[in-house]
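Q: Numbering (the working numbering), first residue to last: -17 to 294. We put the CB at the ideal spot given by N, CA and C, even for glycine.
1) Hey, would you say residue 285 sits closer than 8 Å to residue 234, going by beta carbons?
2) Given residue 134, which residues of its chain have a CB within under 7 Å of its CB, disregarding the five upstream and five downstream residues?
3) Per DSSP, which one or two residues make a beta bridge with residue 262?
4) Using the DSSP secondary-structure output, state which residues sit across from residue 109 in a beta bridge.
5) Please report the distance separating the alpha-carbon of residue 8 from that of residue 265.
6) Measuring straight from C-alpha to C-alpha, what distance separates residue 68 and residue 239?
7) Along the chain, where does the alpha helix (DSSP H) that runs through residue 213 open and close?
8) Does the segment 11 to 27 come close enough to the segment -15 to -5 that 3 or more CB-CB pairs lie under 8 Å?
9) What did DSSP end up calling residue 221 once you bin it into helix, strand or coil?
10) Cβ of residue 195 within 8 Å of Cβ of residue 127?
11) In the DSSP assignment, what are the bridge partners of residue 2?
12) Extract the residue ranges of the alpha helix (DSSP H) inside the segment 108 to 177, only unbroken runs of 4 or more that lie entirely within it.
13) Rounded to the nearest angstrom, how far is the Cβ of residue 243 from that of residue 178, given a contact under 8 Å?
14) Need the endpoints of the beta strand (DSSP E) that residue 49 sits in, please.
15) Under the DSSP definition of a beta bridge, which residues are partnered with residue 180?
16) State the Cα-Cα distance for the pair residue 204 and residue 175, rounded to the nearest angstrom.
17) Give the straight-line distance between the Cα atoms of residue 186 and residue 102, rounded to the nearest whole angstrom.
18) Give the straight-line distance between the Cα atoms of residue 211 and residue 259, rounded to the nearest whole angstrom.
19) For a minimum of 3 consecutive residues, which ranges assigned as the beta strand (DSSP E) are wholly contained in the segment 180 to 204?
20) Looking at the structure shown, is residue 268 part of a helix, part of a strand, or coil, going by DSSP?
21) To which residues of the same chain is residue 100 closer than 7 Å at the C-beta, ignoring the five residues directly before and after it?
22) Out of curiosity, what's the CA-to-CA distance linking residue 32 and residue 131?
23) With a threshold of 7 Å, establish whether the CB of residue 9 neighbours any heavy atom of the ligand NAP.
24) Taking just the CA atoms, how far does residue 278 sit from residue 39?
25) Would you identify the three-state DSSP class for residue 236, choosing helix, strand or coil?
26) If I'm right that residue 256 touches residue 181 with Cβ under 8 Å, what's the distance once you round it to whole angstroms?
27) Relative to the C-alpha of residue 111, which residue among 0, 153 and 93 is closest?
28) Residues in its own chain within less than 8 Å of residue 35 by CB, not counting five upstream and five downstream?
29) Mind checking who residue 90 pairs with in its DSSP beta bridge?
30) Excluding the five sequence neighbours on either side, which residues of its own chain have a C-beta within less than 8 Å of the C-beta of residue -5, listed in chain order?
31) Determine the contact status of residue 86 and residue 51, defining contact as a CB-CB distance below 8 Å.
32) Comparing alpha-carbon positions, which option in 292, -2, 61 and 216 lies nearest residue 89?
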């Protein structure tokens, strides 16, 4: 989702862009505005395919590493998450080292874990849960990727920027749990279905619109002062999950009542303890990159709903 919007904006700025995706989660229809552009090429490739990756990286100045597998429920297997997010990331960094590329590595707010220090600051301690709980595999694999990034930066002088995305969405989001709760809620409300809320819905998130995430990413690409840094990118507007459902229902104005189905957390995540609050400290992004989010959550929901209704 982020990659397709990013490609469009980079092409509009005059860059030559090569996109790779194995299309496990991504969709070619997201690239409809890119595929016929003279300065765009696309290859269906997995980042686990190092032999192909190193060939495609040869003429790149910068690699934006967005590829990942996100682990959700305790019933899912965790090895794809661990292998793609660790071995795949190592492949990307090794290809960058071969050809002298700069890398912008997309990490996640999940690495903060259960840290009580709010807003979440890049220099703060991280609090990860027990390793036998599968749900932590995503956070741990991304945290390993961050350590690997700084290993390549310090030991091999590969220019690295680590950006920690907080939640984001767009009309192109995956309308499954891997795309986050906002797209799931939008689909359910438009289809007059029950909105599934994990726990009591009091947990808060800070959800940004894709244009803000892409803007922050491009700033990280173009600003040399970002090299060697970890930077939060997202929206610092905090709202509970249940209030987010109510907001979407209000904006959608379907004329149907909001129906919520509360599912106990342990039915989905086992012994995993959900992160109760997630809000970024954006001071570093503002100071270093000149970044600040522009789109409020309500406006982002309106934009997404309008686009979805047009395509129906």
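A: Reading off the structure:
1) Position 303 of the chain shown, counted from the start, is the residue given in the question as residue 285. Position 252 of the chain shown, counted from the start, is the residue given in the question as residue 234. Cβ distance not < 8 Å, so residue 285 and residue 234 don't count as in contact.
2) Numbered from its first residue, the chain shown carries residue 134 at position 152. Cβ within range, chain order: 75, 79, 140 and 142.
3) As a position in the chain shown, residue 262 is number 280, starting the count at 1. Paired residue(s): 102.
4) Reading the chain shown from its first residue, position 127 is the one you call residue 109. Residue 109 pairs with 95.
5) Numbered from its first residue, the chain shown carries residue 8 at position 26. Numbered from its first residue, the chain shown carries residue 265 at position 283. In a straight line, the C-alpha of residue 8 is about 32 Å away from that of residue 265.
6) As a working mapping, residue 68 is identified with position 86 in the chain shown. As a working mapping, residue 239 is identified with position 257 in the chain shown. So the alpha carbons of these two residues sit roughly 44 Å apart.
7) In the chain shown, the residue the question calls residue 213 occupies position 231. No alpha helix (DSSP H) contains residue 213, which is instead part of the beta strand (DSSP E) from 211 to 215.
8) yes
9) Within the chain shown, numbered from 1, the residue matching residue 221 stands at position 239. Three-state result, residue 221: strand.
10) The residue you call residue 195 lines up with position 213 of the chain shown. The residue you call residue 127 lines up with position 145 of the chain shown. Cβ distance not < 8 Å, so residue 195 and residue 127 don't count as in contact.
11) Mapped onto the chain shown, residue 2 falls at position 20. In DSSP, residue 2 forms a bridge with 25.
12) 119 to 138 and 163 to 172
13) Along the chain shown, one-based indexing puts residue 243 at 261. Along the chain shown, one-based indexing puts residue 178 at 196. Rounded, the Cβ-Cβ distance is 5 Å, consistent with contact.
14) Position 67 of the chain shown, counted from the start, is the residue given in the question as residue 49. Taken as a continuous stretch (DSSP letters only), residue 49 belongs to no beta strand (DSSP E), as it is neither H nor E.
15) Indexing the chain shown from 1 puts residue 180 at position 198. Residue 180 is bridged to 245.
16) Numbered from its first residue, the chain shown carries residue 204 at position 222. Numbered from its first residue, the chain shown carries residue 175 at position 193. Taking the straight line from one Cα to the other gives about 43 Å.
17) On the chain shown, position 204 is the one that residue 186 refers to. On the chain shown, position 120 is the one that residue 102 refers to. Each residue's alpha carbon lies about 13 Å from the other.
18) Working through the chain shown from its first residue, we reach residue 211 at position 229. Working through the chain shown from its first residue, we reach residue 259 at position 277. Looking at the two C-alpha atoms, the distance is approximately 24 Å.
19) none
20) The residue labelled residue 268 in the question sits at position 286 within the chain shown. Reduced to three states, the DSSP call for residue 268 is helix.
21) Counting from 1 along the chain shown, the entry for residue 100 is found at position 118. Closer than 7 Å at the Cβ level, and outside the excluded window around residue 100, lie 259 and 261.
22) Taking the first residue of the chain shown as 1, we reach residue 32 at position 50. Taking the first residue of the chain shown as 1, we reach residue 131 at position 149. For residue 32 and residue 131, the distance between alpha carbons rounds to 17 Å.
23) In the structure on display, the ligand NAP does not appear, and there are no ligands present to speak of.
24) In the chain shown, the residue the question calls residue 39 occupies position 57. In the chain shown, the residue the question calls residue 278 occupies position 296. So the two alpha carbons sit approximately 36 Å from each other.
25) As a first step, residue 236 must be located in the chain shown, where it is residue number 254. Here residue 236 sits in coil by DSSP.
26) Position 274 of the chain shown holds residue 256. Position 199 of the chain shown holds residue 181. The Cβ separation is near 6 Å, so the contact holds.
27) Counting from 1 along the chain shown, the entry for residue 111 is found at position 129. For residue 111, the nearest C-alpha among the options comes from 93.
28) The count along the chain shown starts at 1 and reaches residue 35 at position 53. If we look at residue 35 and ignore the five residues flanking it on each side, its Cβ neighbours are 2, 27, 29, 73, 74 and 77.
29) The count along the chain shown starts at 1 and reaches residue 90 at position 108. In DSSP, residue 90 forms a bridge with 147.
30) Along the chain shown, read from residue 1 onward, the residue named residue -5 stands at position 13. Only 200 meet the Cβ criterion.
31) Position 104 of the chain shown, counting from 1, holds the residue named residue 86. Position 69 of the chain shown, counting from 1, holds the residue named residue 51. Their beta carbons are not under 8 Å apart, which means residue 86 does not touch residue 51 by this criterion.
32) As a first step, residue 89 is located in the chain shown; it is residue number 107 there, counting from the start. Nearest option by C-alpha distance: 216.
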